[in-house]
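Novice: Quick one: this structure, given as structure tokens, is what I'll be asking you about.
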Amino acid sequence: MAATSDVLFEIGLEEMPARFLNDAQQQLETKTKKWLEELRLPYKEISTFVTPRRLAVVIKDVATKQPDIEEEAKGPARKIALDTEGNWSKAAIGFSKGQGKVVDDIYFREIKGIEYAYVNKYIVGLSTFQLLQNFKEVILSLTFPKNMRWGDLNLRYARPIRWLVGLYGTDIIPFEIAGVHADRKSFGHRFLGNSIKLDNPLEYQEKLKSEFVIVSPEERNKLILEGIEYLENKKNWDISVDKELLNEVKHLVEYPTVFFGSFSEEFLTVPEEVLITSMKEHQRYFPVKSKDGKLLPKFVAVRNGDDNFIETVARGNEKVLKARLSDARFFFEEDQKQSIEKNLEKLGRMVFQEKLGTIAEKVDRVVKLTRSICNLLDLDETTTYNAVRAAEISKFDLVTNMVNEFTELQGIMGEKYATIFGENKQVATAINEHYMPRHAKDQLPSSIEGSVVSIADKLDTIIGCLSVGIIPSGSQDPYALRRQALGILQIVNGNKWSINLESLFRTTQKLYSELNIATRDEQEIKQSIDEFFNLRASFILKEDGIDQDITEAVLTSGIGNFAYTVEKAKVLAIKKQDESFKQVQESLVRVLNIATKGSDTGVNKDLFENEQERILYETYHDVKSRYREAMNNLNALESIDILGELSQAIYDFFEHTMVMSENKELKSNRLSLLNQIAQDVLDYSDLTKILWKQQS
Amino acid sequence: MNIQEMILTLQKHWSDQNCILMQAYDVEKGAGTMSPMTLLRSLGPEPWNVAYVEPSRRPADGRYGQNPNRLYQHHQFQVIMKPSPDNIQELYLESLVKLGIDPLKHDIRFVEDNWENPTLGAAGLGWEVWLDGMEITQFTYFQQIGGLEAKPVAVELTYGIERLASYIQDKENVFDLEWTKGVTVGDIFYQPEYEHSKYTFEESNTDVLFELFSIYEEEAKQTMEKGLVFPAYDYVLKCSHTFNLLDAKGVISVTERTGYISKVRNLAREIAKLYVEERERLGYPLLKEEATENGSNK
């Protein structure tokens, strides 16, 4: 084993945003590994570290030089390398020279019947110390959600780079970025620590710790959790640790110390959600509950420093929280002095989207859509009344002081205030639920009213946006249209609602076309709506483990009744495993394929020439009504089984009947019969799309 | 430490860093950033180091002197350094120490906060500085101003004077803060706070304000056409303040609102461009000055 040394790189920066750090650490690791691999530098292990002020990597046991390697270099073909007399050509001489060899080193090897000239090359490995100076490439290849410039430089980076450390063993690796030269000098905690002289890479973690910097995020995480647990036990509290918040907090500090503070009990009259949001979102505090789940007037926070003067820090934080909560309580009281009606008036002055008018106008459409959906679902009068009322006042909380301050509480405050203003429970709940699902894994509305208004609201946003050309692409989806479309499909499917989505799309589209604000052609809009939802539907089916071919088969004629479409897909997925279904599918596909050669112009029994034609006709008529009934009952399995009864008759028919007859009348009659059958098959799904696995 | 001493301390500190001490700009504005001393001077290649107190008017925040935290007009201490010095964070932290804030006794953090003012076509990256959980300063590296790229980059520090004072003096109500010995913020500002709120929300003549907006806008345009950057910019500030008064009164509808904002934005952008052109035409006087100064020093 060749000699090895350890490597340390540290990039010192002004405080990076907490949200950048997880990914930055990940990138630093993968990009360093890749870089070392490309350089063929053997090493034992890599550790990476991040804090708000630094990114660091320690690589253990890196060989002092690249290993020497022997390589074959391929040259010209034999007939070019040698002239007719067997002498080396200019090409051959050039090739060997180019590789630092002479013609005597050339040998031939055959590739695909042709002989080529080769030489063996011996490449001496470069020194690691030299190669490490290019680590700059790795540092500059890190990407961040947002970059900035500073001083008079052109470089863009997460935050200004203020120092660099590069050590190979005990030696400084010289390189420079943005006017900063690598050295062995690092910096401790901004206030508690001093500057640090690093003698070798392996002392990095320990030396930084002695200057109050915990470079390992996992360790900071652990320290915070321990601090929280200590308080929980000591005070008999229950502190639920929100993962996202913990992740942010650990990246806001280099040396975490957990402490707690209190606020006045009088603020507990403000809704819990408001208090929690204020603590979590604005102040990055962990809310505290009693063991029986009651919110306590306490909070837990993390200081970037030690526990000296922690009382001062706690009191300062209490003061800030008090001001915040006073504001919140003021808002809560002020909002209650308004009325729902007064708030609704103000919605007329609030923009929904520049091209799509005001929130009040949106609400009008959502109310109409809510009515249509209630009708389609044949809901009873009370439910319809509640759903419509919920739609009417679904957005009234947007103009409250509280939602203005805490946007994330939209809907939640709507429910609270609606209850205070005397709306019934169903209406109040639906106001909150109409925003659900709020994110990918969120729960669906629990009530029918909430589900209906949720669909209406989302449908309006999606179709409105698509009508004026706001179409999500790539990572661009500012109005979260994809998530909202998924939400609609999940709600419809979750409730097993029998509702034709395309007809709802058309209803919404009509509401917009009456407004005359669409910037695109009606047909174009229709197509883009259908495609958009089709893609979301495919996504859901894929999540359900349905193969792509089946998804295509069931979605060819649109989403239709989505809950039933999902059922059909699941049935076909099972049938696809069943060898006997292959016969059925093949027969039906034959019908589908040939049916495209004509259309249904009516069937005349008198024109049947043979028994098989007559049997197919009769079987079809026997099957048809049962099939349609099963379809109406949304029985996906029964429907396809009934269609399957046609299979034998179809085989026999094709065996004995020439569909494309010379006789035009006969031909048209046969195509008509097949088209009638095909139409029924297509109502189920386009079976031609289904692919059978090659039997091995 | 009273507010007056705080201001003196900050002025001394930044003066020692070779900042030009300016006085508040004499046209109404919503933030120190909108002073031409920041907004225009941050553009172009000329070095620019400046510090000043800026009274900032936010009509919508008027509370008739009844709210302990909100004011129609508050004070900002504004520092601009272009290009941003490498040790700007340290310089800033030193200023806190001079204000009597010992970092070892507190929790001071730099929390990501990117600043954007679409009305001025301006954007920057940086932090809000937290002192034991309270935001006391906005710390921004300008990246773009008036739709133009900021190069070299100016760094802007905006101290919220009243915020900081409420911490230093440990007062809960802004009106109880001591401005100077024996005089409180309330003594000086209660009456104007009340009257400006009453004016803004009740007594302003909406028609007159709308008319003023148009007049200021016209004047800004015609001045700009004559290549007079600073007078034109003054009228843009007047447009902006007039718009804020109307907006606070709630008389601007949604559609109008967007229209007004984009009017102000377009004017600000054009003036920014014009400023850069004018400075170039004048041969970047500040750039030369610095060159000779450095020369004579060496």
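Quick note, the sequences are listed as chains A and B, same order. Numbered according to my numbering, the first sequence spans residues 1037 to 1732. Numbered according to my numbering, the second sequence spans residues 43 to 340. We treat Cβ as the ideally placed atom computed from N, Cα and C, and that holds for glycine.
#1: Determine, for V195/B, whether the minimum Cβ-Cβ distance to residues of chain A falls below 8 angstroms.
#2: What are the start and end residues of the alpha helix (DSSP H) that includes E1247/A?
#3: To the nearest angstrom, how far is the alpha carbon of V1528/A from that of L1415/A?
#4: Which term fits V1336/A, buried or exposed, when burial requires 16 or more other beta carbons within 10 angstroms of its beta carbon?
#5: Just the C-alpha distance for F1442/A and D1363/A, rounded to the nearest angstrom, thanks.
#6: If you check the beta carbons only, do A1127/A and I1142/A fall under 8 angstroms apart?
#7: Between which two residues does the beta strand (DSSP E) holding W157/B run?
#8: Within the chosen definition, does the stretch 1181 to 1197 of chain A reach the stretch 116 to 131 of chain B through at least 3 CB pairs nearer than 8 angstroms?
#9: Between the C-alpha atoms of T242/B and Y209/B, what's the straight-line distance to the nearest angstrom?
#10: Going by the beta-carbon positions, is the gap between F152/B and E1317/A smaller than 8 angstroms?
#11: In chain B, what lies closer than 8 angstroms to T1313/A by C-beta?
#12: For T300/B, return the contacting residues in chain A, with the cut-off set at a CB-CB distance below 8 angstroms.
#13: Tell me whether the beta-carbon of H1225/A lies closer than 8 angstroms to the beta-carbon of F1248/A.
#14: Is it buried or exposed, G175/B, if we count other Cβ atoms within 10 angstroms and call 16 or more buried?
#15: Using the Cα positions of L1434/A and E1579/A, report the straight-line distance between them to the nearest angstrom.
#16: Assuming G51/B and L141/B form a contact by the criterion Cβ under 8 angstroms, report the distance between their Cβ atoms to the nearest whole angstrom.
#17: Checking the sheet assignment: what are the DSSP bridge partners for L63/B?
#18: Taking 8 angstroms as the CB-CB cut-off, is H238/B touching chain A?
#19: Anything in the stretch 1046 to 1059 of chain A with a Cβ closer than 9 angstroms to a Cβ of chain B? List those residues in chain order, please.
#20: Is the stretch 1193 to 1200 of chain A in contact with the stretch 1052 to 1060 of chain A, if contact means three or more CB pairs nearer than 8 angstroms?
#21: At a cut of 8 angstroms, does the stretch 1598 to 1606 of chain A reach the stretch 1664 to 1675 of chain A through at least three beta carbon pairs?
#22: Taking the straight line between their C-alpha atoms, what separation do you get for L1392/A and V1489/A?
#23: Tell me the rounded alpha-carbon separation between K1270/A and G1263/A.
#24: Three-state secondary structure (DSSP) at G1205/A?
#25: 8 angstroms is my cut-off, CB to CB: does M1438/A come that close to chain B?
#26: Output yes or no for whether 8 angstroms exceeds the beta carbon distance between R99/B and Q118/B.
#27: Let me confirm a value: I1147/A is counted as buried when at least 16 other C-beta atoms fall within 10 Å, else exposed. Which label applies?
#28: Could you name the residues of chain B that K1182/A contacts, counting a contact when the two beta carbons are closer than 8 angstroms?
#29: I want to see whether chain A comes within less than 8 angstroms of L173/B, judged by CB atoms only; does it?
#30: From the DSSP output, read off the bridge partner residues of E170/B.
#31: Per the DSSP calculation, I1047/A is bridged to which residue(s)?
#32: Between E1377/A and chain B, is there a C-beta pair that is closer than 8 angstroms?
#33: Would you say G1523/A reaches chain B, if we count a Cβ-Cβ gap shorter than 8 angstroms as a contact?
#34: Using the Cα positions of V1338/A and L1228/A, report the straight-line distance between them to the nearest angstrom.
#35: Kindly indicate the opening and closing residues of the alpha helix (DSSP H) around M1438/A.
#36: What are the boundary residues of the alpha helix (DSSP H) that includes S1326/A?
Specialist: This is what the structure holds:
#1: yes
#2: Per DSSP, E1247/A belongs to no alpha helix (DSSP H) and is neither H nor E.
#3: 15 angstroms
#4: buried
#5: 11 angstroms
#6: no
#7: W157 to N159
#8: yes
#9: 29 angstroms
#10: no
#11: By Cβ distance, chain B contributes nothing, its closest Cβ being about 16 angstroms from T1313/A, past 8 angstroms.
#12: V1387 and E1390
#13: yes
#14: buried
#15: 34 angstroms
#16: At residue 51/B the sequence reads Thr, which differs from the Gly that was named. So it is a contact: roughly 6 angstroms between Cβ atoms.
#17: A93/B
#18: no
#19: E1050, E1051, M1052, P1053, A1054, R1055 and F1056
#20: yes
#21: yes
#22: 19 angstroms
#23: 11 angstroms
#24: coil
#25: no
#26: no
#27: exposed
#28: N156 and L167
#29: yes
#30: V153/B and Q180/B
#31: L1091/A and L1200/A
#32: no
#33: no
#34: 16 angstroms
#35: N1437 to E1441
#36: Run containing S1326/A: none in the alpha helix (DSSP H); it sits in the beta strand (DSSP E), F1322 to S1326.
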